[in-house]
Amino acid sequence: MSLLEMRGISKVYDMGAEKVYALRDVSLDIEEGEFVAIVGPSGSGKSTLMNLIGCLDEPTTGSYRLDGIDVSNMSGDQQAVIRNEKIGFVFQTFNLIPRTTALSNVELPMFYKGLGKKQRTEKAKELLKLVEMEDRMDHMPNELSGGQKQRVAIARAMANDPSIILADEPTGALDTKTGNLVMDIFLKINRDEGRTVILITHNERLANLTQRRITLSDGEIMSDCAVGEAII
81 MSLLEMRGIS
91 KVYDMGAEKV
101 YALRDVSLDI
111 EEGEFVAIVG
121 PSGSGKSTLM
131 NLIGCLDEPT
141 TGSYRLDGID
151 VSNMSGDQQA
161 VIRNEKIGFV
171 FQTFNLIPRT
181 TALSNVELPM
191 FYKGLGKKQR
201 TEKAKELLKL
211 VEMEDRMDHM
221 PNELSGGQKQ
231 RVAIARAMAN
241 DPSIILADEP
251 TGALDTKTGN
261 LVMDIFLKIN
271 RDEGRTVILI
281 THNERLANLT
291 QRRITLSDGE
301 IMSDCAVGEA
311 II
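Using my numbering, read the sequence shown as starting at 81 and increasing by one per residue.
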């Protein structure tokens, strides 16, 4: 059984007299430990697919199983539980809480999961060390550079040991050098921690650093191949 299984997924938006298909009959499997890039031009369906993978939305038709759980038609509250337990999000805009330290930002998902203060703090420190931010744990977000903020965001995404790290254009707000450093962190946690990472990006160079590349166009999967293979 795959970690992520989508079958016949479509997402349709009713625009009155017109129906707009954001995704059309998408079927997809992602295995535990893979590093996958989902690429495509603006309007290709990348963001819609990301929202469905991340349980931020539900499909119009089709089925979606995540880690063996059918999440296709869950209620909003049920989806929130799945998001907190199974998915770690990393966004282009970092989404750190401004008036709290890097350490407290990483602790937050564990607080909502019900972990005690000592356990939260110990684990947050371990994760900040993993992303090479242990010397900045007491800094506020406005005291950090863009790359440092993103590393804190990656540590926070890993706080509840999620099945998937879902990264939406995580280097989009960074310069090339800083983006490369952030990408190195994703490669490290995929390789050394065995984390499944799904990267949503329009950056061809970054996509080519992953193991597998899924290309979308007009809501359909146009190709799905290992990086370096010929696209058919």
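Ideal placement from N, C-alpha and C gives every residue a C-beta, glycine not left out.
Since this is a predicted model, take the numbers as computed values, not measurements.
{"Check": "Close-in-space but distant-in-sequence residues of the same chain around Gly226 (CB under 7 Å, 5 per side omitted)", "Outcome": "Ala253, Leu254, Thr258"}
{"Check": "Nearest-angstrom beta carbon gap, Ser90 and Asp109 [assumed within contact, 8 Å]", "Outcome": "So it is not a contact: roughly 17 Å between Cβ atoms."}
{"Check": "Option in Ser152, Val307, Thr173 with minimal Cα separation from Lys229", "Outcome": "Thr173"}
{"Check": "Enclosing alpha helix (DSSP H) for Arg163 [first to last residue]", "Outcome": "156-166"}
{"Check": "Cutoff 6 Å; reference Pro242; Cβ partners in own chain excluding five residues on either side", "Outcome": "Lys166, Ile167, Gly168"}
{"Check": "Segment contact flag, the region 150-157 with the region 171-189, C-beta cutoff 8 Å, min 3 pairs", "Outcome": "no"}
{"Check": "Run of the beta strand (DSSP E) containing Pro303, from where it starts to where it stops", "Outcome": "Note that residue 303 is Ser in the sequence shown, not Pro. Here the beta strand (DSSP E) through Ser303 covers 300-306."}
{"Check": "Bounding residues of the alpha helix (DSSP H) (the contiguous stretch that carries Arg236)", "Outcome": "226-237"}
{"Check": "Cβ-based burial, Cys135 [other Cβ within 10 Å; buried from 16]", "Outcome": "buried"}
{"Check": "Same chain only: Cβ atoms within 7 Å of Arg293, ignoring 5 sequence neighbours per side", "Outcome": "Ala117, Val119, Ala287, Cys305, Val307"}
{"Check": "Status (buried if at least 16 other CB within 10 Å, exposed otherwise) for Met130", "Outcome": "buried"}
{"Check": "Under the three-state DSSP convention, the category Phe266 falls into", "Outcome": "helix"}
{"Check": "Spatial neighbours of Ala237 in its chain, beta-carbon cut-off 7 Å, leaving aside the 5 residues before and after", "Outcome": "Gly168, Phe169, Val170, Ile245"}
{"Check": "Segment limits, beta strand (DSSP E) that includes Glu98", "Outcome": "98-110"}
{"Check": "Thr141 beta carbon less than 9 Å from that of Val92", "Outcome": "yes"}
{"Check": "Per-residue DSSP class, three states only, for Gly259", "Outcome": "helix"}
{"Check": "Ile133 and Glu212 closer than 9 Å at C-beta", "Outcome": "no"}
{"Check": "Same chain, Cβ closer than 6 Å to Asn270, five either side skipped, listed in chain order", "Outcome": "Phe115, Val277"}
{"Check": "When Glu112, Arg104, Glu138, Asp137 are compared against Gly125, the one with the closest alpha-carbon", "Outcome": "Arg104"}
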